[in-house]
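Peer 1: Numbering (this note's numbering), first residue to last: 19 to 335.
Every residue gets a Cβ at the ideal spot worked out from N, C-alpha and C, and that includes glycine.
Sharing a structure with you now.
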Amino acid sequence: MRIIGGANVMLMLKTHNGVIMNVLTKGKLALGIIVVFFSSPIFALPCSDCANGFERGPVPRMDQLEASRGPYSVNTINVSRLARGFGGGTIHYSTESGGQQGIIAVVPGYVSFESSIQWWGSRLASWGFTVITIDTNTIYDQPDNRANQLSAAIDYVIDKNNDRSSPIYGLVDPNRVGVIGWSMGGGGALKLATDRKIDAVIPQAPWYVGLSRFSSITSPTMIIACQADAVAPVGIHASRFYNQIPETTPKAFFEIALGSHFCANTGYPNEDILGRNGVAWMKRFIDKDKRYNQFLCGQNFDRSYRVSEYRDNCDYN
């Protein structure tokens with residue numbers, strides 16, 4: 019913004035894709051334009067006390083995090099099954115958050131489809147992430163293969179970010195990445211964290227019996243477990259994986275009371291509390307936003323009938 023003369027104001031305003039707008043105004047009108055423009059959610063600025071510029075959006079509240087949508091509206095792009103390396107899917111994004119967004123890729127489990135995990139797409143995108151929810155090449159793909167497909171989906175979003183004809187051109191930050199996976203997809207998410215730099219990982223009801231051990235994971239990881247899981251019993255899978263992750267890595271273990279293997283899936287009655295912790299985890303470790311620590315550290319679920327166990331190694335500094 020540059021002041022020209024005594025009463026004229028030239029505003030130079032940059033949109034998310036690099037387009038510059040010049041607005042010449044006079045006197046008090048200039049102040050009105052400034053207030054209205056920067057009050058609009060479409061041009062939301064990062065919070066005023068941010069240290070690194072990734073934090074953005076309103077001061078978070080519990081009720082907001084448990085709602086089905088965050089502060090931003092969401093658009094979608096269909097991804098063809100002919101996409102390279104995975105079975106197609108949907109990109110969920112918002113142009114209202116201001117600044118570049120982290121990428122999150124989400125993969126379903128064995129003999130399952132994108133629809134089983136699609137609720138994460140709009141939920142996370144409405145908090146300022148670009149999310150790709152995918153189908154796999156075949157519904158029988160194993161965890162290591164699902165890890166590769168998560169990686170391919172991330173690369174697909176990065177390619178679209180560099181494509182001038184794409185609706186998400188210039189929108190994402192390719193250096194800030196998260197992954198979520200259910201069942202064998204959860205095992206795939208953990209596997210990918212041993213192979214590629216990932217900023218945040220959420221395996222839900224993870225299943226893995228491959229050769230990889232997860233003691234090398236340095237990516238912040240929140241494991242969602244389902245207490246009554248008969249497909250991926252907690253003691254054999256989720257709890258064991260949590261214990262394998264080093265104490266030097268930020269981690270959490272979140273178990274839904276009496277939940278079946280499907281406890282974290284689309285349409286099940288746990289989206290509010292899972293969304294709260296899932297959004298908070300991604301905001302904390304992809305956006306480096308410490309305002310979300312309060313929803314992850316020091317939680318007391320002792321009287322909760324919905325959460326049977328919660329572990330963490332806070333503080334996440």
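Hey, would you say I121 sits closer than 9 angstroms to T154, going by beta carbons?
Peer 2: For the purposes of this step, residue 121 is taken as the residue at position 103 of the sequence shown. For the purposes of this step, residue 154 is taken as the residue at position 136 of the sequence shown. Result no, Cβ atoms of I121 and T154 do not sit closer than 9 angstroms.
Peer 1: So, R87 versus S144, is the Cβ gap smaller than 9 angstroms?
Peer 2: On the sequence shown, residue 87 is found 69 positions in, with the first residue counted as 1. On the sequence shown, residue 144 is found 126 positions in, with the first residue counted as 1. Yes.
Peer 1: I176 lies in the alpha helix (DSSP H); which residues open and close that run?
Peer 2: In the sequence shown, the residue the question calls residue 176 occupies position 158. Taken as a continuous stretch (DSSP letters only), the alpha helix (DSSP H) holding I176 covers 161-179.
Peer 1: Are the CB atoms of I220 and V195 within a distance shorter than 9 angstroms?
Peer 2: Within the sequence shown, numbered from 1, the residue matching residue 195 stands at position 177. Within the sequence shown, numbered from 1, the residue matching residue 220 stands at position 202. No, the pair does not count as a contact, with Cβ atoms beyond the cut-off.
Peer 1: Out of S201, P238, L210, M240, which has the shortest C-alpha to C-alpha gap to R231?
Peer 2: Taking the sequence shown and counting its residues from 1, the one referred to as residue 231 is at position 213. Cα-wise, what sits closest to R231 is L210.
Peer 1: Sort M80, L314, Y323, F319 by Cα distance to C332 and report the nearest one.
Peer 2: As a working mapping, residue 332 is identified with position 314 in the sequence shown. Of M80, L314, Y323, F319, the residue nearest in Cα terms is L314.
Peer 1: Please return the same chain residues whose Cβ sits closer than 8 angstroms to the Cβ of F259, not counting the five positions on each side in sequence.
Peer 2: Numbered from 1 along the sequence shown, position 241 holds the residue referred to as residue 259. If we look at F259 and ignore the five residues flanking it on each side, its Cβ neighbours are L208, P221, P224, Y226, F232, I241.
Peer 1: Measure the CB-CB distance between A250 and I172 and report whether it falls below 9 angstroms.
Peer 2: As a position in the sequence shown, residue 250 is number 232, starting the count at 1. As a position in the sequence shown, residue 172 is number 154, starting the count at 1. Result no, Cβ atoms of A250 and I172 do not sit closer than 9 angstroms.
Peer 1: From E273, D307, F303, I186, pick the residue whose C-alpha is nearest to that of P238; which is it?
Peer 2: Residue mapping note: residue 238 aligns to position 220 of the sequence shown, counting from 1. Residue F303 is the option with its Cα nearest to P238.
Peer 1: Taking only runs of the beta strand (DSSP E) that begin and end inside the segment 72-106, which ones reach a length of at least 3 residues, in chain order?
Peer 2: Those beta strand (DSSP E) runs which fall completely within the segment 72-106 and span 3+ residues are 93-97.
Peer 1: From the DSSP output, read off the bridge partner residues of F271.
Peer 2: Residue mapping note: residue 271 aligns to position 253 of the sequence shown, counting from 1. Answer is I241, R329.
Peer 1: Out of curiosity, what's the CA-to-CA distance linking S66 and D305?
Peer 2: Along the sequence shown, read from residue 1 onward, the residue named residue 66 stands at position 48. Along the sequence shown, read from residue 1 onward, the residue named residue 305 stands at position 287. Bear in mind that the predicted position of S66 carries a pLDDT of just 42, short of 50, making it unreliable; the figure below should be weighed with that in mind. Distance between the alpha carbons of S66 and D305: 15 angstroms.
Peer 1: Just how far apart, CA to CA, sit L168 and V197?
Peer 2: The residue given as residue 168 occupies position 150 in the sequence shown. The residue given as residue 197 occupies position 179 in the sequence shown. Between L168 and V197, the C-alpha separation is close to 7 angstroms.
Peer 1: Going by DSSP in three states, A218 sits in which element: helix, strand or coil?
Peer 2: Locating residue 218 in the sequence shown gives position 200, where the first residue counts as 1. A218 falls in the strand class under three-state DSSP.
Peer 1: Here's the rule: buried if 16 or more other CB atoms are within 10 angstroms of the residue's CB, otherwise exposed. What is M39?
Peer 2: Against the sequence shown, residue 39 aligns to sequence position 21. Since pLDDT at M39 reaches only 40, below the 50 mark, its modelled position is unreliable, and the value read off the structure follows with that caveat. The residue is exposed, with fewer than 16 neighbouring Cβ atoms inside 10 Å.
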